[in-house]
């Protein structure tokens, strides 16, 4: 008799437990997984796609005066240890030198390399760039030459790339 | 013979105690049903250059939101009682400057109307009440928002446990 009663009680208790009507169900909390991440973001743009530089002035007895002009560039980057490198598409004509000076994006922690001579080999212009977003950062381009270059008319492309320092 | 009687008496006594304990436990359990949560969904977000406001020179949009029903919550076994649902973060090392917010984007099915949670509620290490209701309510949609985004935070990844809890209220 008692066995029967105990069995019924046990069955009832199990049924209630499975139905969630017990005090200690542990069902009053639930966990949701949220995964948030950023992937590498490195973008660069220049405000003006073309630039014309013409050497036309000289002081008597001296080499012609260099001429320069500027672009503005925009940069967004979320990685540490990046750098800006500059490179010409074709070499400057004999007797002419093309130089560039990219200013350091404000807040990037980068190090400017100042005026550098541009060639078909990539050259560092700003190093150690960290996470930053900056607009209208100056980029100066200068053309200089000697009278030995004569009269020339040439064009080339300049490419600035945001790349890893390694 | 006397040993057998004593043993039988002890067994009966033990059974009686067990029976009373079970009945007592069963009585208490039936008298106090506990509300439960059933939750589905989550949020998996990876930000890339497409999240920039307009491209080079711009920052990430300051806030991004999940689907309006990224998470659905059902509150069951309430016995018709009133309840509140709260949420908290359960993961250390949350990136400084980022905020995780949550809001209710619908009523779900069942107990109407729900109260609160229509605006974004900041989710912190401590429990924050999201919304409240009375009686069972099913498939209540929730939306998450992460705010304070900027590329200046650098590269980061964070897996967060968002703990939801239902509590019956008087």
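Residue numbers (the numbering used here), protein chains in the order written: chain V, 4 to 169; chain C, 21 to 190.
Think of the CB as a built atom: it goes at the ideal place given N, C-alpha and C, for glycine as much as any other residue.
Remember, predicted model here, so these are calculated numbers, not experimental data.
With respect to the beta strand (DSSP E) encompassing residue i, which residues constitute its N-terminal and C-terminal limits?
i	result
residue 164 (chain C)	157-167
residue 104 (chain C)	102-109
residue 191 (chain C)	Coverage of chain C is limited to positions 21 through 190, which leaves residue 191 (chain C) absent and any answer about it impossible.
residue 13 (chain C)	For chain C, the structure presents residues 21 to 190; residue 13 (chain C) sits outside this window and is missing.
residue 31 (chain V)	Counting along the chain, residue 31 (chain V) falls outside any beta strand (DSSP E), and DSSP gives it neither H nor E.
residue 165 (chain V)	161-167
residue 83 (chain C)	83-85
residue 61 (chain C)	56-61
residue 246 (chain C)	The question about residue 246 (chain C) has no answer, for chain C in this structure spans 21 to 190.
residue 46 (chain V)	45-49
Does chain B have any CB closer than 8 Å to the CB of residue i?
i	result
residue 31 (chain V)	This model lacks chain B altogether; the protein chains it does include are V and C.
In its own chain, which residues sit with a C-beta less than 7 Å from the C-beta of residue i, not counting the 5 before and 5 after it?
i	result
residue 138 (chain C)	123 and 124
residue 155 (chain C)	98, 100, 130 and 131
residue 151 (chain V)	98
residue 24 (chain V)	Note that residue 24 (chain V) scores 29 on pLDDT, short of 50, meaning its location in the model is unreliable; the coordinates nonetheless yield the value given after this. So the list is empty, once near-sequence residues are dropped.
residue 122 (chain V)	91 and 94
residue 26 (chain V)	In this predicted model, residue 26 (chain V) has a pLDDT of only 29, less than 50, meaning its place in the structure is not dependable enough to derive any value.
residue 167 (chain V)	84 and 85
residue 175 (chain C)	none
residue 165 (chain V)	45, 47, 78, 80, 85 and 87
Under 6 Å Cβ to Cβ from residue i, same chain only, skipping five residues before and after it: list those, please.
i	result
residue 76 (chain V)	49, 140 and 142
residue 51 (chain C)	Low per-residue confidence applies at residue 51 (chain C): pLDDT is 48, beneath 50, and the placement is therefore not dependable, though the value from the model is reported in the following sentence. Contacts found: none.
residue 118 (chain V)	102 and 104
residue 78 (chain V)	47, 108 and 137
residue 111 (chain V)	132, 133 and 135
residue 187 (chain C)	104
residue 111 (chain C)	180 and 181
residue 43 (chain C)	Here the model assigns residue 43 (chain C) a pLDDT of 43, short of 50, so the residue's position is not dependable, and the following value carries that caveat. Nothing meets the Cβ criterion.
residue 90 (chain V)	125 and 162
residue 102 (chain C)	154 and 189
residue 96 (chain C)	56 and 156
residue 78 (chain C)	72
residue 147 (chain C)	106 and 108
Kindly list the residues whose CB is nearer than 8 Å to the CB of residue i, restricted to its own chain and excluding five residues on each side of it in sequence; keep chain order.
i	result
residue 80 (chain C)	67, 71, 72, 73, 169, 170 and 171
residue 135 (chain C)	151, 152 and 153
residue 117 (chain C)	168, 170 and 173
residue 41 (chain V)	81
residue 169 (chain V)	84
residue 73 (chain V)	141, 142, 143 and 144
residue 59 (chain C)	91, 92, 93, 94 and 184
residue 113 (chain C)	178
Please look up how many angstroms separate the CB atoms of residue i and residue j, rounded, as I've assumed it's under 8 Å.
i	j	result
residue 163 (chain V)	residue 56 (chain V)	Contact doesn't hold; Cβ gap of about 17 Å is too wide.
residue 80 (chain V)	residue 135 (chain V)	6 Å
residue 115 (chain C)	residue 178 (chain C)	6 Å
residue 3 (chain V)	residue 115 (chain V)	With chain V covering only 4 through 169, there is no way to say anything about residue 3 (chain V).
residue 92 (chain C)	residue 164 (chain C)	About 12 Å; that fails the 8 Å criterion.
residue 166 (chain C)	residue 120 (chain C)	6 Å
residue 44 (chain V)	residue 75 (chain C)	Contact flag wrong, Cβ pair sits at about 11 Å.
Quick one: complete beta strand (DSSP E) runs, 3+ long, within the region 118-159 of chain V? Taken in chain order, the complete beta strand (DSSP E) segments of 3 or more residues contained in the region 118-159 of chain V are 126-132 and 135-148.
What beta strand (DSSP E) runs, 3 residues minimum, are completely inside the region 107-148 of chain C? 119-124 and 141-143, all fully within the region 107-148 of chain C.
So within the region 57-130 of chain V, which uninterrupted alpha helix (DSSP H) runs reach at least 4 residues, ignoring any that extend past its ends? Within the region 57-130 of chain V, no complete alpha helix (DSSP H) run reaches 4 residues.
Across the region 33-44 of chain V and the region 62-70 of chain C, are there enough close Cβ pairs to call them in contact, namely three or more that are closer than 8 Å? Contact between the region 33-44 of chain V and the region 62-70 of chain C is present, because at least three Cβ pairs lie under 8 Å.
Does the count of Cβ pairs from the region 106-125 of chain C and the region 141-152 of chain C closer than 8 Å reach three? Touching, yes.
Just checking, does the region 60-79 of chain V make contact with the region 153-163 of chain C on the three C-beta pairs under 8 Å criterion? No contact exists between the region 60-79 of chain V and the region 153-163 of chain C.
Is it true that the region 87-97 of chain V meets the region 55-63 of chain V, where meeting means three or more beta-carbon pairs spaced less than 8 Å apart? The region 87-97 of chain V, when compared against the region 55-63 of chain V, does not touch it at the 8 Å Cβ threshold.
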